[in-house]
Structures are given as structure tokens and as C-alpha cells.
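Read through the structure below, which is laid out as C-alpha cells, and then see the notes.
Protein chains in written order, with our numbering: chain A, 51 to 430; chain B, 54 to 392.
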């Protein structure tokens, strides 16, 4: 980590949402390694972001880029071989990383709760679904008696679109979508300030996914929670996020307003990611192929971790880590040679459905032919 | 049933012609009890694939996509129906009726690529062993020739230099590389038809596009047709000239890709398309709600399969058999009474 520029985000101010609402959750320079027999895996390196009440942050990246590690670190649910080497995770002013076990218990569920990817494994098969939520309620809210808790569970079931009559069923009697709803109900049970959703719909069919996405978004707005939504699918991220953070190989590469990330991506990796996703809307265009594969985090490349695959890479990228710093206000970027968009906001640009904006096009290798984009939509 | 599609029986022009294909799985009630009910996994489906063209088979999990794929390469034996294959070497054959030696010869012409490259490759075999096996089984060529073939194919699927990959084991490869090995194994016997069962759904975005593009290039180069099974309409759009939408063992709509995506006619296809998230934060999709979820088609009643969830169904849909696929113009086939 010799060239890592500590404290960049602190200098740059808050990474929070436009409008400068004070963040409920603030992560600063979080660095975490996994110790393995082969050496240290540099899983999370200097990651900083903020989440405000009522806003959702989409955390996007490929598998192994550190998305889930970040989520687990927020709740201190990391496996034994994980070591947090630095940084702070502030929830409503208190640093989660410095809490002792007892204090931590109070923060989990009430302060911050998590929806896991595999709903099948998140529920105990031998207990009734309702009872599992009642247990969570009574553990964290001491004053809850049985009757009150069951009432609350019934309300939660309705909130996530489940029939309260199903409370006394067992998990195996639920379909995949119903289980995921139950897990979401459980995560909401203690009315957390922040909810972390780690690929909650990845295993589900598209129609069920659609319903759950809509519901989660509505509930999050209604309860005025902060949400961190983790997914590898930029289309899903586009639907649920106010702001988007893009991770690559354990580092944050870009963080900005959702529309900006899609319409004016500045990091070459973000550009490639936008161009690699097929869409059923808009003109059919050539998909962008990114050469190579993500690096092995046992031996991450020096300098910018994206440089071996980056079409814009120069010498500086191989030697020095680009700082994750504020550009153009409200957006953050870690790149020595960002994709510039000279004409700014007023320029007509098409969004993700029609491919990356013009400024990105020549930046990505292997893009055969141009993007056919007749009938551009003019924004603003 | 499905008479609409029967007319070309004598003069088979396409590469593959599936007719009234059916697969029932018995629901076992107990060890000594008789089987009373069946899951109608694939129920009287008919479709054709032209040489050099690819058909995308889309639908939710449990709709019979994979069963259809397995039937087409005879990993499963159909309960009824025909699978006619027009082959330059062997002439017109009904794959459903082949057995023994004939079937083995035919396996050279049709191959399959599976979803999970972590499970479809034998962890104790090297890349070379895996890729060469179809040639060994088929007894084609001598050792030196086979080795040459494997090397040139590995180069072709982007595992370069071949010599450095040949004797690696699957655990030494990434997901994308494994799927490339699986593609090489399918291609080595020079098939005319490949069933690809969600070949890219386990891969990461930046790798997925590469594999998709490779498959398109190889299709063009070798003149291979795919039956491309996927739950992702956006992927099907890139890989296939035609899309067929399956629901509970039936094809409910089939048509040219862009036409089907732009003008879906069947209420299920409409709901499916409206539920696909769009990578554009400004766009607000309108929701087409359909009720309930997919249930297993155990002895389905004689009515439209989609009746229980359909927003536009009426009594006629409940009282009649499942509707036949009808041409609504330009080869856009729909199975619905209300369209």
C-alpha cells in the first residue's frame, strides 16, 4: 500500500448525496485483507462512501471485487481470517469498528441490517417463519411481548407483500420469492436506519425480481431508510439507486449520481461495464468486450488496479495509485486519465439502454463497428 | 394438434424440425404404489430451426427449457413426438427413434454446452483429455491428428497459446476459460447443431460478452445453429434470430427476435418483457402485473396453461384446451385465444 493516498476522501469532504443531507452511514478509507495460506488477499482497499437517510446507494462490480466484503465489514460479520487494517464505519456518529460485542449487538438489526443473497439459507428450516422474526424482535427490542411481536410480524408480512396467514408456515412451504420476502421482512423488523441488500434478487426469476425490486424501493422510501444495494447487474442497480458506486478489484473507482454514472461515466472501467450489458430496449448495438480478466487479489497489480486492462493506461497508471477524489462536485473518481465529456450536462446523450455515451466509444478495445444509435433521445 | 406446423413434414427444408415433442416425468407416490400423476415438463411442442440460424428458448425456471434441450440431444428420451434432423451426411433422420450405434454416430452432429463450467468439466482431467474425448469415443483420426485438432481448436476459442492450456486442470482456469473449454469440446466433432443451456449465466459481465461474441463468431465460421436456452431476454436478443417463449411446457409465442421484443402479443410475453430491468436510471418501466407464480405442471387441467395468472382471460380460456400456436402474420406465432 505504499502509494495509497490515505485520507483523500476526508480532504474531499463528504461522498454523500447531493443536497448535502448529513449521512447516516459514513465509510472512510476502509481497508481489509483476508489472510490465507498463500498470503494476504487485498479484498477491500481504501473504500469510502456515504449513505443518507431515504437514499439508496447501488454498489456494483464483478464477483470478487469486494462488494460483499464491504457489506460484511459494515456489520462486522467477517470470517475469522479477515483483518480490518484501517478506516472507519460511522453509523449515526459512532464507529462500528471500535464497538465491543455487546454494543455491536445493539447496532445490528436496529442500526443496520442485512438481506443476504441466499434466502434459502438465511431461514432456519425447523422453525416457523413468523417465529424466527418474533425471535429477532424480542432479542433486539426487550419490551416486546409475544402478542405485540406477532402483530408486528403480521404488519411486516403485509409490508413486503406476504399474506400474514403464512406466519405459521415453515420455510420449505415458501417459494423462493416468498422466502426472499420473509428475509426482507426480518431485516426490516427492528426498523433499521440502514439496510444492506446483497444481491437479494439474483436467484429469482425476472417477474418475481421485478415485484421485489419495486417493493424494496417503495419501503425504503416510506420508512426513510438508507439503503446499500449490492448487485453485479447494472440494470438492476439502475432501477434501485439514487447514487452508484463502482468497485473494481477491491477499490472504489467511481461514485456519482445514478444518471451521471450511466450517461457520463468517467472511469474507463465504468464505460466498459456500461457497454458490456445487453438491453432489450433501444437499438441493438455491438457489445463491448473488455480484454483480460480481473486481477488476482493475492498479487494485485501496482498502481491503478485496472491498468492491465485499460485502453487509456500510461506509465503513471502502472506506478501510482490514482486518488479517489472529488471531481466536478458531487462525483468521485479514481483515475489518472478520466474520460472527459467536454460539453457537459446540456449535451444530448443517450443513456445506458442505448450504450455508453459517445465520449466512451473509442476508449474500449475490441468494439467491432460503431454503435447504431439513430433517433437519439434528447435530454434536458 | 399443431397441424399448423405439420405441413412441411415431407419436404423438410430446415435443419431441425421438432414435432409434437412431449416429455412426462412420473411423480412417484411411494415405492410400491402406482404412479398416478405426471409432470408435463414438455407438452406437445413443435418448432423448426433453419441451418445457420439460432433459436432462443426463454422462460422462467421450471418452464421446461432445459428438458427441451436435453431431449434435442437425446440426453433424455422423449415420451412422444419427433425430432427430425436434416443432415448433409446422414440425410433426414428422426432423432427420437434412433438407438444404439446410430445414436452414437449421430452424437457427432448434435452437441450440448452446459450452464455451469465449474460442474460440467471433470476436475481430474486435463483440458486436453476433456476436449479430445469426443474424438476418442467416436474413433476419429489417430493420436497425432487428434492432438493437432485440440490445439487448433483451443487457439480458436481464445485459449492461447494452446500448449500452455492443454495440460492444465479445470481448477487452474477461470470461469470464462472453463466455458471456452466446454465450447471447444462441443465443437471438436464439427456438429451442425448445438444446444447451449445458459452458457453465460454463471459468468461475470466483462467475461460474458467475450464468450457470447466467441459463440457468434464460431457459429458463423462453422455454420453451426444453436438452440440457445436462457432466462435473459437481452442475451437471447444478441444471440438469436428467433425467440420462442415457453410457459409450463408449452411454447406460447415465437417470432423473429426484434419483432417479438417490440410487439409481444401473448400476455405472458408482455409481462415477461415488462419485468426486465433496463439499464437506464431515467426510464420508468410501466408494470404489467400478473398474479401468482409458476407452479409445476402436474396433470394440468385441459385449459390454457396461463389461465390462472392471465390478466385478460375469460371463461372461454378456462373451458377450452390450451390454444394452438397460430401465425399472426410474418411467422409471428402466438398461442392465445384473446389475441
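Note that CB positions come from ideal geometry on N, CA and C, so glycine has one too.
Treat the numbers as computed from the prediction; the structure is a model and nothing was measured.
Where does residue i sit, in a helix, a strand or coil, going by DSSP?
{"i": "residue 276(A)", "result": "strand"}
{"i": "residue 85(A)", "result": "strand"}
{"i": "residue 142(B)", "result": "coil"}
{"i": "residue 133(A)", "result": "strand"}
{"i": "residue 160(B)", "result": "coil"}
{"i": "residue 268(A)", "result": "helix"}
{"i": "residue 92(A)", "result": "strand"}
{"i": "residue 63(B)", "result": "Because residue 63(B) sits at a pLDDT of 40, beneath the cut-off of 50, its placement in the model cannot be relied upon, and the following sentence gives the value as read from the coordinates. Correct three-state label for residue 63(B): coil."}
{"i": "residue 400(A)", "result": "The pLDDT assigned to residue 400(A) is 39, lower than 50, so where the model puts this residue is not dependable, and the model offers no usable value."}
{"i": "residue 201(A)", "result": "helix"}
{"i": "residue 154(B)", "result": "helix"}
{"i": "residue 175(B)", "result": "coil"}
{"i": "residue 215(B)", "result": "helix"}
{"i": "residue 194(A)", "result": "coil"}
{"i": "residue 358(B)", "result": "coil"}
{"i": "residue 312(B)", "result": "helix"}
{"i": "residue 183(A)", "result": "helix"}
{"i": "residue 333(A)", "result": "coil"}
{"i": "residue 176(A)", "result": "coil"}
{"i": "residue 80(A)", "result": "strand"}
{"i": "residue 325(A)", "result": "helix"}
{"i": "residue 283(B)", "result": "strand"}
From the DSSP output, which residues share a beta bridge with residue i?
{"i": "residue 79(B)", "result": "91(B)"}
{"i": "residue 133(B)", "result": "75(B)"}
{"i": "residue 75(A)", "result": "101(A), 141(A)"}
{"i": "residue 344(B)", "result": "Its beta-bridge partners do not exist; DSSP assigns none."}
{"i": "residue 386(B)", "result": "307(B), 380(B)"}
{"i": "residue 181(B)", "result": "The partner list for residue 181(B) (beta bridge, DSSP) is empty, contrary to what the question assumes."}
Between which two residues does the alpha helix (DSSP H) harbouring residue i extend?
{"i": "residue 230(B)", "result": "228-240"}
{"i": "residue 266(B)", "result": "258-275"}
{"i": "residue 295(B)", "result": "That residue, residue 295(B), is in no alpha helix (DSSP H); its beta strand (DSSP E) goes 295-300."}
{"i": "residue 366(A)", "result": "365-369"}
{"i": "residue 122(B)", "result": "118-125"}
{"i": "residue 119(A)", "result": "117-124"}
{"i": "residue 208(B)", "result": "196-209"}
{"i": "residue 228(A)", "result": "226-238"}
Determine whether the Cβ of residue i lies closer than 7 Å to any Cβ atom of chain B.
{"i": "residue 253(A)", "result": "no"}
{"i": "residue 327(A)", "result": "yes"}
{"i": "residue 331(A)", "result": "yes"}
{"i": "residue 320(A)", "result": "no"}
{"i": "residue 239(A)", "result": "no"}
{"i": "residue 102(A)", "result": "no"}
{"i": "residue 304(A)", "result": "no"}
{"i": "residue 257(A)", "result": "yes"}
{"i": "residue 396(A)", "result": "Note that residue 396(A) scores a pLDDT of 32, beneath 50, so its modelled location is shaky and nothing firm can be said."}
{"i": "residue 76(A)", "result": "no"}
{"i": "residue 209(A)", "result": "no"}
Starting from residue i, follow the beta strand (DSSP E) in both directions and report where the run begins and ends.
{"i": "residue 289(A)", "result": "Where residue 289(A) is concerned, there is no enclosing beta strand (DSSP E), although the alpha helix (DSSP H) it sits in stretches over 284-290."}
{"i": "residue 108(B)", "result": "108-111"}
{"i": "residue 115(B)", "result": "Taken as a continuous stretch (DSSP letters only), residue 115(B) belongs to no beta strand (DSSP E), as it is neither H nor E."}
{"i": "residue 164(A)", "result": "162-165"}
{"i": "residue 246(B)", "result": "246-250"}
{"i": "residue 307(A)", "result": "301-307"}
{"i": "residue 109(A)", "result": "106-110"}
{"i": "residue 327(B)", "result": "No beta strand (DSSP E) holds residue 327(B); the alpha helix (DSSP H) holding it covers 320-328."}
Pull up the CB-CB distance for residue i and residue j, whole angstroms please, since I reckon it's below 8 Å.
{"i": "residue 283(B)", "j": "residue 305(B)", "result": "Between residue 305(B) and residue 283(B) the Cβ distance is about 16 Å, and since that is not below 8 Å, they are no contact."}
{"i": "residue 280(A)", "j": "residue 117(A)", "result": "5 Å"}
{"i": "residue 234(B)", "j": "residue 183(B)", "result": "6 Å"}
{"i": "residue 80(B)", "j": "residue 164(B)", "result": "Rounded, the Cβ-Cβ distance is 31 Å, inconsistent with contact."}
{"i": "residue 304(A)", "j": "residue 356(A)", "result": "Rounded, the Cβ-Cβ distance is 11 Å, inconsistent with contact."}
Report yes or no: is there a C-beta of chain A within less than 7 Å of the C-beta of residue i?
{"i": "residue 306(B)", "result": "no"}
{"i": "residue 294(B)", "result": "no"}
{"i": "residue 290(B)", "result": "yes"}
{"i": "residue 330(B)", "result": "yes"}
{"i": "residue 272(B)", "result": "no"}
{"i": "residue 225(B)", "result": "no"}
{"i": "residue 334(B)", "result": "yes"}
{"i": "residue 348(B)", "result": "no"}
{"i": "residue 389(B)", "result": "no"}
{"i": "residue 113(B)", "result": "yes"}
{"i": "residue 339(B)", "result": "no"}
{"i": "residue 297(B)", "result": "no"}
Using a Cβ-Cβ distance under 7 Å, would residue i count as near chain C?
{"i": "residue 260(A)", "result": "Within the model displayed, chain C is absent; protein chains A and B are what it includes."}
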